[in-house]
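Residue 85 in this note's numbering sits at position 85 of the sequence shown, with consecutive numbering throughout. Worksheet for the structure shown next.
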Amino acid sequence: QVQLVESGGGLVQPGGSLRLSCAVSGRTFSTETMGWFRQAPGKERVFVAVLRWTGSTDYADAVKGRFTFSRDNAKNTVYLQMNSLKPEDTAVYYCAMQISASRFDYWGRGTQVTVSS
1 QVQLVESGGG LVQPGGSLRL SCAVSGRTFS TETMGWFRQA PGKERVFVAV
51 LRWTGSTDYA DAVKGRFTFS RDNAKNTVYL QMNSLKPEDT AVYYCAMQIS
101 ASRFDYWGRG TQVTVSS
């Protein structure tokens, strides 16, 4: 059974940094595309970043230049380094794995990130 477990969320002041982790079990993910999404209170879940099995990445415009998506295949873990955080980055952040051609098939339960002074 595939499981994704996020960690690393918390409360941080504007301008601060956090690194989210997503540990994957039940499947070797070195050849899978991984994604990060977020859902702010009262809003729909939206795309944040994708890290393809080729190593290429894409980011939402709102986080481009501030967030970095990386993976450690030996640890079956992906990371989202978040710098220069803003209050509008406050959300629950979800990690996801894409197996199908057109959708993300497995999701974690999320980790809360709150950016506030």
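Idealized CB from N, CA, C, for every residue including glycine. Everything numeric in this text was worked out from a predicted model, so none of it was measured.
Compute the distance between the beta-carbons of residue i and residue j, then report whether it is under 9 Å.
{"i": "L11", "j": "L80", "result": "no"}
{"i": "E6", "j": "G110", "result": "yes"}
{"i": "R71", "j": "F29", "result": "yes"}
{"i": "A40", "j": "V63", "result": "no"}
{"i": "L85", "j": "G15", "result": "yes"}
{"i": "Q98", "j": "M34", "result": "yes"}
{"i": "F67", "j": "L51", "result": "no"}
So is residue i buried or exposed if we call it buried at 16+ other beta carbons inside 10 Å?
{"i": "D118", "result": "Here the chain comprises residues numbered 1 to 117, so residue 118 is not present and cannot be evaluated."}
{"i": "A96", "result": "buried"}
{"i": "V46", "result": "exposed"}
{"i": "A101", "result": "exposed"}
{"i": "G42", "result": "exposed"}
{"i": "A74", "result": "exposed"}
Could you spell out the range, first to last residue, of the beta strand (DSSP E) harbouring residue i?
{"i": "S102", "result": "It is not in any beta strand (DSSP E) - S102 carries neither H nor E in the DSSP assignment."}
{"i": "R38", "result": "33-39"}
{"i": "D89", "result": "Element bounds for D89: n/a, residue is neither H nor E."}
When you compare each of the options to residue i by their alpha carbons, which one comes out closest?
{"i": "Y94", "options": "G108, F67, F69", "result": "G108"}
{"i": "S116", "options": "W36, Q3, S17, L4", "result": "S17"}
{"i": "S25", "options": "G65, V2, G55, T114", "result": "V2"}
Three-state secondary structure (DSSP) at residue i?
{"i": "A60", "result": "coil"}
{"i": "E6", "result": "strand"}
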